[in-house]
Structure formats: C-alpha cells, structure tokens
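Notes follow once the structure below has been shown.
There are 2 protein chains.
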Amino acid sequence: MAKITDVARRAGVSPSTVSYALSGKRPISDATRRRVQAAVRELGYRTDGGGRSRSGARAKVLALAVPMRPGIHVPVVTQFAVSVVTAARARDHDVLLLTQGEGDEGIGRVTDTGLADGVIVTDVQLQDPRLPLLRSCSLPSVLIGVPAEADGLTCVDLDFRAAGELCVDHLAGLGHRAVALVGSPPEVYVRRTAFARRLVEGFTAAADRHGLASAVLPCGTGRDAARTVVERLLRDLPALTAVVVHNEPLVDPLIEAFDELGMRVPGDLSLTAVCPAPVAASARVPVTSVAVPAAELGARAVHLLVRKLSGAPVPGTTLLPPRLTERSSTAPRGR
Amino acid sequence: MAKITDVARRAGVSPSTVSYALSGKRPISDATRRRVQAAVRELGYRTDGGGRSRSGARAKVLALAVPMRPGIHVPVVTQFAVSVVTAARARDHDVLLLTQGEGDEGIGRVTDTGLADGVIVTDVQLQDPRLPLLRSCSLPSVLIGVPAEADGLTCVDLDFRAAGELCVDHLAGLGHRAVALVGSPPEVYVRRTAFARRLVEGFTAAADRHGLASAVLPCGTGRDAARTVVERLLRDLPALTAVVVHNEPLVDPLIEAFDELGMRVPGDLSLTAVCPAPVAASARVPVTSVAVPAAELGARAVHLLVRKLSGAPVPGTTLLPPRLTERSSTAPRGR
DNA sequence: TTCACCCGTCGAAGCGCTTCGACAAGGGTG
DNA sequence: CACCCTTGTCGAAGCGCTTCGACGGGTGAA
Numbered sequence: 000m001a002k003i004t005d006v007a008r009r010a011g012v013s014p015s016t017v018s019y020a021l022s023g024k025r026p027i028s029d030a031t032r033r034r035v036q037a038a039v040r041e042l043g044y045r046t047d048g049g050g051r052s053r054s055g056a057r058a059k060v061l062a063l064a065v066p067m068r069p070g071i072h073v074p075v076v077t078q079f080a081v082s083v084v085t086a087a088r089a090r091d092h093d094v095l096l097l098t099q100g101e102g103d104e105g106i107g108r109v110t111d112t113g114l115a116d117g118v119i120v121t122d123v124q125l126q127d128p129r130l131p132l133l134r135s136c137s138l139p140s141v142l143i144g145v146p147a148e149a150d151g152l153t154c155v156d157l158d159f160r161a162a163g164e165l166c167v168d169h170l171a172g173l174g175h176r177a178v179a180l181v182g183s184p185p186e187v188y189v190r191r192t193a194f195a196r197r198l199v200e201g202f203t204a205a206a207d208r209h210g211l212a213s214a215v216l217p218c219g220t221g222r223d224a225a226r227t228v229v230e231r232l233l234r235d236l237p238a239l240t241a242v243v244v245h246n247e248p249l250v251d252p253l254i255e256a257f258d259e260l261g262m263r264v265p266g267d268l269s270l271t272a273v274c275p276a277p278v279a280a281s282a283r284v285p286v287t288s289v290a291v292p293a294a295e296l297g298a299r300a301v302h303l304l305v306r307k308l309s310g311a312p313v314p315g316t317t318l319l320p321p322r323l324t325e326r327s328s329t330a331p332r333g334r
Numbered sequence: 000m001a002k003i004t005d006v007a008r009r010a011g012v013s014p015s016t017v018s019y020a021l022s023g024k025r026p027i028s029d030a031t032r033r034r035v036q037a038a039v040r041e042l043g044y045r046t047d048g049g050g051r052s053r054s055g056a057r058a059k060v061l062a063l064a065v066p067m068r069p070g071i072h073v074p075v076v077t078q079f080a081v082s083v084v085t086a087a088r089a090r091d092h093d094v095l096l097l098t099q100g101e102g103d104e105g106i107g108r109v110t111d112t113g114l115a116d117g118v119i120v121t122d123v124q125l126q127d128p129r130l131p132l133l134r135s136c137s138l139p140s141v142l143i144g145v146p147a148e149a150d151g152l153t154c155v156d157l158d159f160r161a162a163g164e165l166c167v168d169h170l171a172g173l174g175h176r177a178v179a180l181v182g183s184p185p186e187v188y189v190r191r192t193a194f195a196r197r198l199v200e201g202f203t204a205a206a207d208r209h210g211l212a213s214a215v216l217p218c219g220t221g222r223d224a225a226r227t228v229v230e231r232l233l234r235d236l237p238a239l240t241a242v243v244v245h246n247e248p249l250v251d252p253l254i255e256a257f258d259e260l261g262m263r264v265p266g267d268l269s270l271t272a273v274c275p276a277p278v279a280a281s282a283r284v285p286v287t288s289v290a291v292p293a294a295e296l297g298a299r300a301v302h303l304l305v306r307k308l309s310g311a312p313v314p315g316t317t318l319l320p321p322r323l324t325e326r327s328s329t330a331p332r333g334r
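Chains as they are written, first to last, in numbering that gives the first Met the number 0: chain F, 0 to 334; chain A, 0 to 334.
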C-alpha cells in the first residue's frame, strides 16, 4: 500500500505538498498538482483513513442510526439506508450502520471514539430518548423525523400533518362526508413516533374543518387485522365512504377486506394511502397516494449533515411538502 | 474527551500500562488492572478509533457489501444487515455499509483506506466479479453465498442444493408425480446468482431421481406474473400437483392464482416454499417451507470473519443443512 | 548466598496523515 | 531601488494509541 511519502517522492515534492494538493486547502501550482495527481494514479495511492483521523481530521464517516423496532416498515427503512449511503458516497463519506441492538448509547460510542463525524437519526419519536444525547455532546446530527421540541436540532421530514390534510381535502373535494384513518400498529402510537402522530393531527384537523365524520384506528398487519379493523369501522361509522391508510403492508389486505364485505374500491369506497410510490402503484388497485419520499429524505439528510460538518449554517427543520398522486382508488362519492 | 494519558495519570501508571491492561496483550497485575478500570469508568474514557488504527492496529470495523440489485428480496437482505450489525457489536466491532452505488470498487477502497478490517459480501454470484479483488488483495473476507470456484475463500450459505432436494423428497414422499419449481425473477438467473442455481440443480436432480415429471420456471413479482406462470405451468405440465416456490413475494400471489384457476392449496395442489420462516408462516395458507436462516447466516459470517481477523484458521465453506417445516400447504396427493 | 529468570511496568518509537509556521522567489509599489 | 506582499513549497510537530525493548524487583534453583 503506497503511502503519502511514496507519492511525495515520486512527484518530487514534500508530503505536505501532496496533502495540500489533494485537499486543496492551500494553493498549489498547476504543474505541481498535476504531477502529484499523476503519482497518485501511478501508485494507486489512497489516503489512509486511520492516519487521517489520527491527525485530528475528520474520519469522513457518517453514522446512520436505524432502530429496527417492531412496527416499522422494513422497505422504507432500507430505502433510507440505501439513499443515505449513495448520497454519502457522492460526498466522499462512508456510512456506519447502527441498530438498536446496543441501546441508544451506540450513538455516543461511535462519535466518542471518533469512528464517525456525525449521525443521522431515523424513526424519531416525539420525546425521543436520544435527543438529550444529541443536544449535549454537540455531536453534529440530522434527524429524519421531527420531535416535539426541535430547537437547536436539524430535522428533515415529509410534512405529515399537511399530508394528512391533503388526503382529507382530496376526499372531501370528491364529496365524501365520512372518512377514516387506518394507521400504523398501536405500538407505534404508544411510542409516540412523531410522523404517525402528525399525520393523525392533520387528518383530524382537516376532517373537522370540512365538517366530516371521522374515525382514527391504529391497525397491525396481516389480513386478520385488516378484517377486524374494517368490521369495526363499518360498525362505528356506517356512512363511511373514504379511507386514508398509513400502513404500507396493509394496503392490499385492506382492499381485500372491504371487498369481502361488499365494498369495492373505488366504486363504494375511496382509498388514499400515505406510502412510498411503488407500494401505491403496485397495489391490487393502484392507490391514490401521498408519497413518502424516502430516497429524497435520506439524500437531504446527508446533504445537511455534510454541510453542518463543514461548518456551514443549516436550516432547523425542513418539511417537504406532500404531493398527492391520483390513481384509480379514489372516485367521487356515489359514483 | 478523556485520552489514554488522562487515564494513566489518574491510575498512577503509564499509558502503555493502560493500553495493556485494557487489551490484555501483556500480563498486568490484578491491582493495577483494577485501578485502571476504575479510572476508565470515572473518566468515561473510550479508546479513540482513529488513534488505534493509526498505530497499525485494527479499526474494529467490518464492511458489509449489499448490492441492492433488482430482484433481490429486501427484507431478507435487511435481516442479514441487522444480524450482522448485532453480531459484530457483540464482538466489539462496527459495521460499514457498502451498496452497489459505486461499483465493486467500494470494497477495495474501504480496506485500502483502512476504514474496515474485513468485508462480508452478500448476494454472491457463481462468477462474481468481486472475487478476483477479494482473492488478490488478501483482504479478509467472508461470503454469504458460494461462488462456482470457492477455493481459498470463506463462504457460508444455506445448502440450497439440499434444500431443493429436500422439498422434492417431501413432495415425492406425499405421492406427487409432477412437480414444478417457480423461481426468482429471470434477471437473477441471468446474473447467475449462486443460490438460485443451486436450488434448481437440487430440485432437478431429486425430481429425476424420483422419476417425477418436472418443470422449472423463473418468475417476476406481482399478481400478473404469478397468473401467467401458473397458466403456463398448467399447460406444460397438466398433471401438476405440487410446486416449490423460491421467491418470497410471490407466495401469496401464486396461491391466489392457482385458486382462481380452480386449484386449491393444499387440496388440489401442494406448495412448498424456500423462504424465511415468517414469510411462510404468515402467508394466506401457512406454507410448508425450508427456512432461509438469514439471521443465522449473518451471525455466522461475522463470527468467521472475526476469527479470521484474529488469525485463527477458519473452514472454507460452511453449508447449513436445510430444515423443512411442515405447515398446512402440503398434503398427500389426491387427498 | 548468588545467579538466572520471570513478571509487571515503563519509556520511547513509531503509525500515516494534517497543519502550522517559515521561507524563498517573484511581482508590485512608493 | 528598497521594501513588502503574495504565491507555492517545505520541514517539523503532533494527533492518540500500540508495541517493542528494557528494566527493576522478586522468586526459585543451584
């Protein structure tokens, strides 16, 4: 493995010049820079990460904390991860994967040991136990999700509140007068996961504003859970003609359950989902949906974190505006 | 952030003694070790990763290469990732996530730069382009999957060949005389992904051995693909009474497709799957299956890699024996 | 009692890189 | 023409840790 001194010798300059030529932190003449680059290429030189971080520089590693808790939707999380890695690589950083295995303290460890320069935190809860840690150790971080108290933190998320409203607005515009929200598994709400709560708020607010009858029910996954919820819904809200789902794996089972009970989508029931576009598009009936832009959120988070690391100012909270895509699962009431 | 010298001062010993007390690489008296440990605790000391790897020691980081190619099943890959992280943490290592974004050369980069000490490679193909790299740079690695030429490599995998045979044996034992294998999407075979091929081999060999009529069809995902494959299957092999599926997201659609064409599972058709246990158990009809032990494979891979890093000898190829779990999707022929 | 040896500890030398201060050479200004 | 500033490069220090060789004090053998 070639080291910086080898490159320096080959290019006929000093190691420090090589370092500067490569980092651009000091002006280097064009001729020298070219010679250095040539030497780097010929020797296949790569700057040693250990050496770099040893000397107080950044490790160029971002940590990604993904609590693999029950109730989360694996493909969405995976999409975060992939987009974060891709975006990080594009900015010359690598990604260290943290799961919940060792508790929240993984975050502290990784940064204390200098393994990572900053951390991207996912699945943020309203009162997240990791917040004090993030605030205190002044460790650069970006949250995907917005907690209750977001002062001094950098957060990115879809504007779930607006997403909830948008769905209801759409359904109300189609003439529906009774709507229900079928949400995530109960444990998600118990945990007070931020985005789930926000969606409920938006949904409820919009329903009230439009004067609609409404109901909100959490729901686990699987056909049985779907069936149970649908039955309960039809009992509680017999006038129901529209539903918003916020629970990716439940979209199909829900359509089936309604179907079995004699309500066809979209003929008898309009369905709107908040989920990644592919899920909505490939459902049994293509579902009108507000997309959860997992890939974009991941990329943005990286972008913000890297800026933060470079000392640039970053916005506090970035909420991506929801966009509703009409597919074939919604229709005017009484069509 | 406390450094090793602080600990040393506090414990009244030299930094080297602290290092030895912590690593155990030289005998240290009990009294001293205790004092050091106390100092570490009081100061909240954590050994700096940069410093460690700078001095030629290991970074205690494993890279995990997960090519997120089309046709792979995301939850399985995620399970690998989670189990790898968990197992790595249990052995005091962290995990760097590599995706295919930057091509195969990510592996080289990560180890050249000393960021990671070794790499776990997933989704191995029979002729994997990453193999030369792994062989040449003598970089410690473990493959999850077995390529065509496995000499000098450390591999772990489910014994897919035996899994294929096991499924057929089971079906033959139930009296079925015509079996089909519905496999992964075509691109997986084109890519010559190792495990997919091996399963086909085992399936075919066993079918021939039992003198069964057999067919093998790749299949994409989604209800339409399932429907098409089923129709084709019933045309090609009208006597068909048993099917092996090796395509996680297709299990349910396949059952539905057969159902729509008048073949009930297990009354008219016995179905066996090769997939993670949860998928099999929560299908529309609980499916008799050979489990893909993703979590165990991940943990084993870590185990092997860590051993390898410590210089211990490791076996070349570890094939986990398949285990078939009977559920309600298989029945004797003509029940 | 003396010598050899082992155990536990220390000091110092790096690991490969970055970065700070210095310096030589050249160009512009007064 | 003297001087100052800029530009491009170098040398050296140091990051925090590990590790090698050495050393002092004990113990066991002769």
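Quick reminder that beta carbons are idealized off the backbone N, C-alpha and C, glycines included.
Computed from a predicted model, the values in this text were never measured in an experiment.
Buried/exposed call for residue i, threshold 16 Cβ in 10 Å
i, result
"GLN126 (chain F)", "exposed"
"SER309 (chain A)", "exposed"
"THR240 (chain A)", "buried"
"SER28 (chain A)", "exposed"
"LEU40 (chain A)", "Here residue 40 (chain A) turns out to be Arg, not Leu, going by the sequence shown. The residue in question, ARG40 (chain A), is exposed, as its Cβ has fewer than 16 Cβ neighbours within 10 Å."
"THR46 (chain A)", "buried"
"THR4 (chain A)", "exposed"
"ALA210 (chain A)", "According to the sequence as given, residue 210 (chain A) is Gly; it is not Ala. Its Cβ having fewer than 16 others within 10 Å, GLY210 (chain A) is exposed."
"VAL35 (chain A)", "buried"
"ASP116 (chain F)", "buried"
"GLY113 (chain F)", "buried"
"GLY266 (chain F)", "exposed"
"GLU259 (chain A)", "exposed"
"ALA22 (chain F)", "The residue you asked about is not Ala; residue 22 (chain F) is Ser in the sequence shown. Exposed, by the Cβ-count rule."
"VAL286 (chain F)", "buried"
Nearest neighbour of residue i, chosen from the options [CA to CA]
i, options, result
"CYS136 (chain F)", "F:ILE106, F:PHE159, F:ASP122 and F:PRO237", "F:ILE106"
"SER288 (chain F)", "F:ALA162, F:VAL84, F:LEU63 and F:CYS218", "F:ALA162"
"PRO320 (chain A)", "A:SER18, A:VAL291 and A:VAL181", "A:VAL291"
"SER327 (chain F)", "F:ALA279, F:THR16, F:PRO237 and F:LYS2", "F:ALA279"
"LEU318 (chain F)", "F:ASP223, F:ALA311 and F:LEU157", "F:LEU157"
"VAL250 (chain A)", "A:VAL264, A:ALA238, A:LEU260 and A:ARG8", "A:VAL264"
"VAL109 (chain A)", "A:LEU133, A:PRO14, A:PRO26 and A:VAL12", "A:LEU133"
"ARG57 (chain A)", "A:ARG322, A:ARG8 and A:VAL305", "A:VAL305"
"PRO314 (chain A)", "A:VAL244, A:GLN78, A:THR203 and A:ALA149", "A:ALA149"
CB of residue i within 8 Å of CB of residue j, strictly
i, j, result
"GLY201 (chain F)", "ARG234 (chain F)", "no"
"VAL94 (chain A)", "LEU142 (chain F)", "no"
"GLY221 (chain A)", "SER213 (chain F)", "no"
"SER346 (chain F)", "THR153 (chain F)", "Examination of residue 346 (chain F) is not possible in this model, given that chain F is present from 0 through 334 alone."
"HIS169 (chain F)", "THR324 (chain F)", "no"
"VAL242 (chain F)", "VAL181 (chain F)", "yes"
"ALA86 (chain A)", "ALA311 (chain A)", "no"
"VAL273 (chain A)", "LEU198 (chain A)", "yes"
"ALA38 (chain A)", "VAL6 (chain A)", "yes"
"GLN99 (chain A)", "THR192 (chain A)", "no"
"ALA1 (chain A)", "GLY43 (chain A)", "yes"
"PRO275 (chain F)", "GLY219 (chain F)", "no"
"GLU384 (chain F)", "HIS72 (chain F)", "A question about residue 384 (chain F) goes unanswered here, because the residues of chain F that appear run from 0 up to 334."
"PRO331 (chain F)", "LEU165 (chain F)", "no"
"ILE254 (chain A)", "LEU270 (chain A)", "yes"
"MET423 (chain F)", "VAL81 (chain A)", "Summary: the structure shown does not reach residue 423 (chain F), with chain F confined to residues 0 through 334, and so no result is reported for it."
Residues sharing a beta bridge with residue i, DSSP
i, result
"SER140 (chain A)", "A:VAL118"
"VAL84 (chain A)", "Bridge partners of VAL84 (chain A): none, in fact."
"CYS218 (chain F)", "Its beta-bridge partners do not exist; DSSP assigns none."
"THR317 (chain F)", "F:VAL155"
"ALA1 (chain F)", "BP columns for ALA1 (chain F) are empty, so no partner."
8 Å Cβ shell around residue i - same chain, five flanking residues per side excluded
i, result
"ASP91 (chain A)", "LYS59"
"ASP103 (chain A)", "PRO128, ARG129 and LEU132"
Own chain residues within Cβ distance below 6 Å of residue i, not counting five before or after
i, result
"LYS256 (chain A)", "According to the sequence as given, residue 256 (chain A) is Ala; it is not Lys. Within the same chain, ALA256 (chain A) has close Cβ partners ALA225, ARG226 and VAL229."
"VAL76 (chain F)", "VAL65"
"VAL301 (chain A)", "VAL83, ALA86 and ALA87"
Spatial neighbours of residue i in its chain, beta-carbon cut-off 7 Å, leaving aside the 5 residues before and after
i, result
"LEU186 (chain A)", "Leu is not the amino acid found at residue 186 (chain A); the sequence shown has Glu there. If we look at GLU186 (chain A) and ignore the five residues flanking it on each side, its Cβ neighbours are PRO69 and GLY70."
"LEU236 (chain A)", "ALA177, ALA179, ALA212 and ALA214"
"ALA204 (chain A)", "GLU164"
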